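Report on the structure given below.
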Amino acid sequence: MTATTPTASAAHAAPIARTGRLARLWRGRPEDAPWARPAFLGLLAVTTALYLWNLSASGYANSFYSAAVQAGGESWKAFFFGSLDAANAITVDKPPAALWPMALSVRLFGLGSWQILLPEVLMGVGTVAVLYAAVRRRFGAGAGLIAGAVLALTPVAALMFRFNNPDALLALLMTVAVYGVLRALERAEGAAKWLVLAGVAFGFAFLTKTLQAFLILPPLALVYAVCAPARPLRRFGQLGLAGLALVVSGGWWVALVELWPAASRPYVGGSQNNSFLELTFGYNGLGRINGNEVGSVGGGGGGGQGGGWGETGPLRMFNDSIGGQISWLLPAALLLLLAGLVVTWRAPRTDTARAAFLVWGGALLMTLGVFSFMAGIFHEYYTVALAPYLAALIGMGAAVLWEERTRFAASAGLAAAAGVTAWWGWTLLGRTPDHLPWLRWTVLVAGAVAALGLLAAGRADRRLGLAAAGLGLAAGLAGPFAYTLETLSTGHQGSIVTAGPAGAGFGGRGPGGGGPRMDGGDGGRNGGTQPPNGFPNGFPGGGQAQGGQFQGGQFPGGRMQPPGGQSPGGQNQPSTGQNQPSTGQTGQTGQAPAGQMPGFGERGGMGGGGGMGGLLNGASVGAEAKEKLLQDADAYTWAAAAVGAQNAASYQLATEKPVMAIGGFNGSDPSPTLAQFKEYVAEGKIHYFIGSGGGGTGGGMGGPGGGAGSSSEISTWVQENFTAVTVGSATFYDLTSEK
976 MTATTPTASA AHAAPIARTG RLARLWRGRP EDAPWARPAF LGLLAVTTAL
1026 YLWNLSASGY ANSFYSAAVQ AGGESWKAFF FGSLDAANAI TVDKPPAALW
1076 PMALSVRLFG LGSWQILLPE VLMGVGTVAV LYAAVRRRFG AGAGLIAGAV
1126 LALTPVAALM FRFNNPDALL ALLMTVAVYG VLRALERAEG AAKWLVLAGV
1176 AFGFAFLTKT LQAFLILPPL ALVYAVCAPA RPLRRFGQLG LAGLALVVSG
1226 GWWVALVELW PAASRPYVGG SQNNSFLELT FGYNGLGRIN GNEVGSVGGG
1276 GGGGQGGGWG ETGPLRMFND SIGGQISWLL PAALLLLLAG LVVTWRAPRT
1326 DTARAAFLVW GGALLMTLGV FSFMAGIFHE YYTVALAPYL AALIGMGAAV
1376 LWEERTRFAA SAGLAAAAGV TAWWGWTLLG RTPDHLPWLR WTVLVAGAVA
1426 ALGLLAAGRA DRRLGLAAAG LGLAAGLAGP FAYTLETLST GHQGSIVTAG
1476 PAGAGFGGRG PGGGGPRMDG GDGGRNGGTQ PPNGFPNGFP GGGQAQGGQF
1526 QGGQFPGGRM QPPGGQSPGG QNQPSTGQNQ PSTGQTGQTG QAPAGQMPGF
1576 GERGGMGGGG GMGGLLNGAS VGAEAKEKLL QDADAYTWAA AAVGAQNAAS
1626 YQLATEKPVM AIGGFNGSDP SPTLAQFKEY VAEGKIHYFI GSGGGGTGGG
1676 MGGPGGGAGS SSEISTWVQE NFTAVTVGSA TFYDLTSEK
């Protein structure tokens, strides 16, 4: 009997242990209130459900990245480099870390919209969870829940955590980095491992979106150097260890790419010299700050007051184009940051509450300052980077002032935050007057009532104070929640995406709006009201949209159809500098609505078959074209080649066969050269040249800065030596049969 008793006891104890673990998962930490963990799990469940709802409406979202994901799902070499096609002609214009989770998903579950976008949703839910954990540790579960809810309901966050650009992973990694620094600030023992975690997060963030990952590095390092509970020498040694972790985690891939023989790897997309370092410090680095972005459409000329990307200045995040994406609670966050620093001002050097305000506030102010004044390419959805910092300050500041509410200054601070949020929400909702018009005044009235209640919160019954606080939070979140629901209900495709209803983002009616995205990684939306001229400062080269036609000005490469001209299947013809009106569908001609740019969707977004000549979105691939590409496709390295990555991506996603993107995203990268292309053709590696993709010309967008380049030379050579055949709505050239 005694020999069997332990076995029986162990068998009986196993389910009890499992039950205990489940109970702890539901109950949370002993020091937490009983409602805290269930509320947190509920927040994650609701966030997941919201972000999964209608997910497939976006299809392949940004086909530029989806093509690279498809390639990575087929080829491990393409996976490693972030190639646009499985035959490894050229990479995307970012490092590949953001592509890896999506490519692994495609490898496991096959190619499809859900397989590509589900990892982005999980990143969003993960960011909410990490943010909650970071805020809860010092300020309580209530503050963590407020921060998590604010992040989840920020319109631009709801957009980008369901889209396949790199920004979702970047936001998650930046939040993890802040969490690591905050944990390291708690005590001297064990700080090094948390700083190493932060360093690794920064390193992989660099492999996600290069130098943007380092925007918040200075304030975080400075706060730790000053406020950490350790001797100065130890603090700097720990920071050095974190720096080493950053260099190793971010540098291993860079070293391999730079040391890899150029002849046996893909061309580095976005660079002009096939160098990732050049891409990092030029086009994706200082070029974003000063506007000298050689290789981008409209790039290379400096930024001035924002160049073609909107007016710069301290109010940029509040303008008609960007305000509805991110700024709903931004005034309150800045006010609560100031209040939190005032409350904790006399605390000891190592006080973790003040350090948290300095860390989150420093991250917000640094990113806010760069975004507000950068003269290079800037688009509305970049602002998702601000969302975790802003949300943390809302939760932390509200918690600190609530604890101090018996002091009139604290209750007045809460009232001011509620009042300014209601007023700003009323202002933002006024920019889209046709969207839920009743909500605007509801937010203002509810916010005013809440502000009055919070002003007396220190002297009123606690339940009345909580009711006023709840009303203020509801009023503050009502506007962004409405915009988030509109975002979730709408599919977003292409290279320029914005959140909210029409007019809330790209295409805001006032000055200073963001221009269309012209870089490969950063992208568009099917929705939003088309602004005058399409670009905030007019089309590149000074053109204007008049009666649906592009008048005057010259797109780089001069590849636009003159007004009144016709071409087979609605294709654009080279050398005129004018754009033929289009319905926005590949190869179809027709008159665009007055004031709208050809290729824009019904609501002004860059939808349809390749708006902007296929630059901002891909082509609509017909059954006939797909069938032709698939014939004997396995006999060729590339089933086809097309100028510009979006056009190439459309055919690649339709056939799941490699399609060479001549010139990378803009058609402006010098890859391949004409000599290289001729060699590929002579070796029988490319079957077709696609001369039209959603209004594209065979000539592409020209070379760096808009000059004639390899893509134009290749297009001209193909047109002169091979016969054009109309396939459905597209023009194909069979490169295996010369004229």
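Residue 1708 in my numbering is what sits at position 733 of the sequence shown, and the numbering runs on without skipping anything. Where is the CB? At the ideal position from N, CA and C, for every residue including glycine. Predicted model only: the values in this text are computed from it and were never measured.
Whose C-beta lies closer than 7 Å to the C-beta of Arg1263 among residues of the same chain, with five residues either side of it excluded?
Met1349, Gly1351 and Ile1352
Is the beta carbon of Leu1086 sitting closer than 8 Å to the one on Gln1045?
yes
Enumerate in chain order the residues of its own chain whose CB-to-CB distance from Phe1054 is below 6 Å, with the five nearest sequence positions on each side excluded.
Gly1047 and Ala1078
Rounded C-alpha distance that separates Val1151 from Asp1409
39 Å
Cα-Cα separation, Ala1307 to Leu1403
Approximately 14 Å between the Cα atoms of the pair.
On a Cα-Cα basis, can you pick out the residue from Ala1159, Val1105, Trp1051 and Gly1165 that is closest to Ala1146?
Val1105
Quick one: grab the DSSP three-state call for Ser1058.
strand
Own chain residues within Cβ distance below 7 Å of Ala1457, not counting five before or after
Leu1411 and Leu1414
In terms of residues, what are the limits of the beta strand (DSSP E) holding Ser1386?
That residue, Ser1386, is in no beta strand (DSSP E); its alpha helix (DSSP H) goes Phe1383 to Leu1404.
Within 10 Å of its beta-carbon, does Leu1427 have 16 or more other beta-carbons around it, so buried, or fewer, so exposed?
That one is exposed.
Please report the Cβ distance between Tyr1611 and Ile1665, rounded to the nearest whole angstrom; I am assuming they are in contact, meaning their Cβ atoms lie under 8 Å.
About 14 Å; that fails the 8 Å criterion.
Proximity winner among Arg1434, Ala1623 and Ser1687, relative to Thr1066 (alpha-carbon distances)
Taking only the C-alpha atoms, the option nearest Thr1066 is Ala1623.
Indicate whether Thr1358 and Gln1300 have their beta-carbon atoms separated by less than 8 Å.
yes
Specify the secondary structure class of Asp1609 as computed by DSSP and reduced to three states.
helix
Cut-off 7 Å between Cβ atoms - residues of its own chain near Gln1090, not counting five sequence neighbours on either side:
Ser1080, Val1081 and Phe1084
Considering just the uninterrupted stretch of the beta strand (DSSP E) at Leu1147, what are its terminal residues?
Segment Asp1142 to Ala1159 is the alpha helix (DSSP H) holding Leu1147; no beta strand (DSSP E) there.
Rounded to the nearest angstrom, what separates Ala1133 and Asp1607 at their Cα positions?
42 Å
Same chain only: Cβ atoms within 6 Å of Ala1453, ignoring 5 sequence neighbours per side:
Val1418
From what residue to what residue does the alpha helix (DSSP H) around Val1105 run?
Ser1088 to Phe1114
Taking only three categories from DSSP, how would you classify Ile1121?
Note: Ile1121 maps to helix in three-state DSSP.
Between the C-alpha atoms of Ala1450 and Gly1155, what's the straight-line distance to the nearest angstrom?
33 Å
Three-state class that DSSP yields for Asn1554 in the structure shown
Low per-residue confidence applies at Asn1554: pLDDT is 32, beneath 50, and the placement is therefore not dependable enough to give any value.
Just to confirm the assignment, what range does the beta strand (DSSP E) spanning Thr1066 have?
Careful: Thr1066 lies outside any beta strand (DSSP E) and carries neither H nor E.
Based on Cα-Cα distance, which residue from Ser1088, Glu1006, Leu1025 and Phe1015 lies nearest to Asn1037?
Ser1088
Measuring alpha carbon to alpha carbon, tell me which of Ser1050, Glu1378, Glu1695 and Glu1164 ends up nearest Ser1712.
Glu1695
Close-in-space but distant-in-sequence residues of the same chain around Val1420 (CB under 7 Å, 5 per side omitted)
Taken in chain order, the list of residues that qualify is empty.
I believe Phe1136 touches Tyr1026 by the beta-carbon criterion, under 8 Å. Please report the beta-carbon distance rounded to the nearest angstrom.
6 Å
Coarse secondary structure for Phe1664, derived from DSSP in three states
strand
For Glu1379, which of helix, strand or coil comes out of DSSP?
coil
How big is the Cα-Cα spacing for Met1635 and Val1103?
38 Å
Touching or not, the region 1203 to 1219 and the region 1160 to 1176, by the rule of three or more beta carbon pairs under 8 Å?
yes
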